[in-house]
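Chemist: Take this structure, written in structure tokens, and hold onto it; I'll ask about it next.
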């Protein structure tokens, strides 16, 4: 059995949407796979806690799964690796991740107005653009807007073996995403509006609009500025920049395309905007026919479970505290 969280439908009131949001979160945080993980890591699930109290407890408990902090000083996800616990119990952890909808959510639940391939590291940009194309081809989608979301993150040398085949001169994630779009959709000419005046690369931005279309779908690429001058743009920065620049209308349907491991996290991150702006959001991952067999380890899934719990906690603070 898989637990897939869903965005509340937008053809209803905000109050009813928040009730639906609580229901889908409840299904996930009380799911048997998560309960089993907690017990595996010697957690004692509290009894008689309220919904809010339980999420607070979960957030604190999940700090033990912050391997980016413990192993990589808050650095990139590819710098973390299995410790003894994850080696011994890797199979159980992976089964729990599957049950929590982190391995195979590749089918859409609605026909979108906007398709947003999200930027990422190593082969992620190209894989997610390929998934976008496959979706358009297989479902015969037309007259949609494809808007790739990235920032000006500099490409690490460890990524070059993944990006050089199609983006050999790329300096930033924005460059890699653009090369991916141009490669998959046979795009040539474009207009680009840039704000590169700030000397801090984290605060720079760009919007590229391609003259060519694919199956009558317009194609854009965004590099969003960060809301914090000390770090690169994060998911919420790119989401908000997109919403502002494209003036997304109420009840619009937005599809996020990421890697399967990040689906619950990205869906919960976008949920604040979905409720606030009364829009519908869906999120899917890249299927195995594109990404191939995953090289991710158990530790990576625990890290993203922790991230999902953090995103749920923020929603709790907004709507359920």
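Numbering (our numbering), first residue to last: 143 to 463.
Heads up, the beta-carbon is just placed ideally off N, CA and C, and yes, glycines get one too.
Keep in mind the model is a prediction, meaning the values are calculated, not measured.
Using CA atoms only, rank isn't needed, just tell me which of 262, 457, 320, 451 is closest to residue 363.
Modeler: Here the closest residue by C-alpha is 320.
Chemist: Cutting at 7 Å between CB atoms, please list the residues of its own chain near residue 338, excluding the five before and the five after it.
Modeler: Only 346 meet the Cβ criterion.
Chemist: How about the stretch 233 to 240 and the stretch 202 to 211: do they share at least three Cβ pairs that are nearer than 8 Å?
Modeler: no
Chemist: Since I believe residue 262 is in contact with residue 401 (beta carbons under 8 Å), could you give me their beta-carbon distance rounded to a whole number of angstroms?
Modeler: 7 Å
Chemist: Can you tell me the Cα-Cα spacing of residue 133 and residue 282, whole angstroms?
Modeler: This structure does not reach residue 133, given that the chain is present from 143 up to 463, and the question cannot be answered.
Chemist: Roughly how many angstroms lie between the CA atoms of residue 352 and residue 275, to the nearest whole one?
Modeler: Those two C-alpha atoms are separated by around 16 Å.
Chemist: Thinking residue 404 and residue 446 are a contact (beta carbons under 8 Å), I'd like their distance in whole angstroms, please.
Modeler: 6 Å
Chemist: Of the choices 435, 452, 410, 442, whose alpha-carbon is the least far from that of residue 464?
Modeler: The displayed coordinates of the chain run from 143 to 463. Any statement about residue 464 would go beyond what the structure contains.
Chemist: Is the Cβ-Cβ distance between residue 316 and residue 266 less than 7 Å?
Modeler: Result no, Cβ atoms of residue 316 and residue 266 do not sit closer than 7 Å.
Chemist: Smallest Cα separation from residue 397: which of 198, 309, 290?
Modeler: 290
Chemist: For residue 256, which residues does DSSP report across the bridge?
Modeler: 287, 396
Chemist: Which runs of the beta strand (DSSP E), 3 residues or longer, sit entirely within the stretch 352 to 431?
Modeler: List check, beta strand (DSSP E) in window: 359 to 365, 395 to 400, 422 to 427.
Chemist: Would you kindly work out how many angstroms separate the C-alpha atoms of residue 444 and residue 223, rounded to a whole number?
Modeler: Rounded to whole angstroms, residue 444 to residue 223 spans 11 Å at the Cα level.
Chemist: In its own chain, which residues sit with a C-beta less than 8 Å from the C-beta of residue 164, not counting the 5 before and 5 after it?
Modeler: 193, 461, 462
Chemist: Distance, Cα to Cα, residue 279 vs residue 327?
Modeler: 11 Å
Chemist: In three-state terms, what does DSSP make of residue 349?
Modeler: strand
Chemist: Going by other Cβ atoms of all chains shown within 10 Å of its Cβ, with 16 needed for buried, is residue 253 buried or exposed?
Modeler: exposed
Chemist: Please list, in chain order, all residues of the same chain as residue 441 whose beta carbon is under 6 Å from its beta carbon, the five residues on each side excluded.
Modeler: Closer than 6 Å at Cβ, skipping near neighbours: 209, 222, 224, 228.
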